[in-house]
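Enquirer: Just passing along the structure, written as structure tokens.
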Amino acid sequence: RLYLSGPLVAGMVDLPPAAVRHARALRLRAGDALVLFDGSGGEWEARLVNPPPAARVEILRHLPVERELSPAVTLAVGMPANERMDWLVEKATELGAAAVQPLMTSRTVLRLEGERAVRRAAHWQAIAQAACEQCGRNRIPAVHAAAGLEAWLASLPPQAGTVARCVLSAPGQGQALSFAAWVGAAAGWSALTVLSGPEGGLSPEETSLAVRAGFVPVSLGPRVLRAETAPLALLGAWAALSTG
Ligand code: SAM
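Note that our numbering has the sequence shown beginning at 40, numbered continuously upward.
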């Protein structure tokens, strides 16, 4: 499976350098079958006509295949430091997140502003793309540039009835996740946004701000999960219950 920037149409196309590198790493040979996607939905059956370095493929037919999670889940996460955020983006993509919003909170170690924030978002976006090639998703989740928690909360639209919001406030605090209650409630949701804290947690003031913006405190049990584990645990639980 290879991502190519689209729009893809049936016919011959030369692979761009990044896809050529990928095709070479996969040791593809002339005649090998490929699946291509451009992120706009569905995928294309294709075959390699010329092997790398002058890699050329014939795009054969479009298959309207979707492997998205429904309702769409956005993870808004107090950024864990170092490669843990890379790992979070990769796993969130595999588990079906529709978007990831990295956040700076009062206890976030990593601070990203201006050009650095844009460059890091592009790095995470590339990780999401590679994860889609691997896991079969045909829509690449948007990984936004890092934002401050308060500004991000202020930018959210007023909460509509079918848009659910929850905050992973702290171990043991908030409504326990009951699968039965979730399955019932989720039937009426159109989207879910999950807010979780960084290594040092959200401050009580930040949790209150989130609650005022419509986020329901949810507990994932008495154990302290790492900043990258908690949002993924919730996403995994949702993915396991979802039919999508
Ligand atoms: N010392 C911090 C505290 O007690 O809040 C620990 C923060 S924890 C490493 C990072 C984040 O993961 C928390 O801010 C929260 O969003 C989430 N989290 C971790 N364990 C959780 C649990 N059992 N229930 C709900 N959220 C949890």
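Every residue gets a Cβ at the ideal spot worked out from N, C-alpha and C, and that includes glycine. Remember, it's a predicted structure, so these values are computed and weren't measured experimentally.
1) Can you name, in chain order, every residue of its own chain whose Cβ lies under 8 Å from the Cβ of residue 136, other than the five neighbours on each side?
2) Which of the three DSSP states, helix, strand or coil, is assigned to residue 98?
3) Is the distance from the Cβ of residue 189 to the Cβ of residue 259 below 8 Å?
4) Verify the contact flag: residue 242, CB atom, against every heavy atom of ligand 1, threshold strictly below 7 Å.
5) By the 10 Å Cβ neighbour count, where 16 or more other Cβ atoms means buried, how is residue 236 classified, buried or exposed?
6) Going by DSSP in three states, residue 48 sits in which element: helix, strand or coil?
7) Determine the direct distance from the alpha carbon of residue 81 to that of residue 104, and round the result to whole angstroms.
8) Taking 7 Å as the line, does the beta carbon of residue 262 fall inside it for any heavy atom of ligand 1?
9) Helix, strand or coil, according to DSSP, for residue 124 in the structure here?
10) Can you give me the Cβ contacts of residue 138 inside the same chain, cut-off strictly under 6 Å, excluding the 5 residues immediately before and after it?
11) DSSP three-state label for residue 212, please.
12) Run the proximity test for residue 238: is its beta-carbon closer than 7 Å to any non-hydrogen atom belonging to ligand 1?
13) Hey, would you say the C-beta of residue 180 is under 7 Å away from at least one heavy atom of ligand 1?
14) Going by C-alpha distance, which of 262, 152 and 144 is nearest residue 210?
15) Return yes when the Cβ of residue 54 is within less than 8 Å of the Cβ of residue 96, no when it is not.
16) Count the other CB atoms, across all protein chains shown, that sit within 10 Å of the CB of residue 155; report buried if there are 16 or more and exposed otherwise.
17) Beta carbon of residue 68: closer than 7 Å to some heavy atom of ligand 1?
18) Could you check how far apart the C-beta atoms of residue 191 and residue 140 are, in whole angstroms? I think they sit under 8 Å.
19) Which one of 162, 184, 232 and 58 has the shortest CA to CA distance from residue 93?
20) Hey, is residue 265 close to ligand 1, as in C-beta under 7 Å from one of its heavy atoms?
Expert: On the basis of the data shown:
1) 108, 112, 113, 114, 180 and 274
2) strand
3) no
4) no
5) buried
6) coil
7) 5 Å
8) yes
9) helix
10) 113, 180 and 181
11) strand
12) yes
13) no
14) 262
15) yes
16) exposed
17) no
18) 6 Å
19) 58
20) yes
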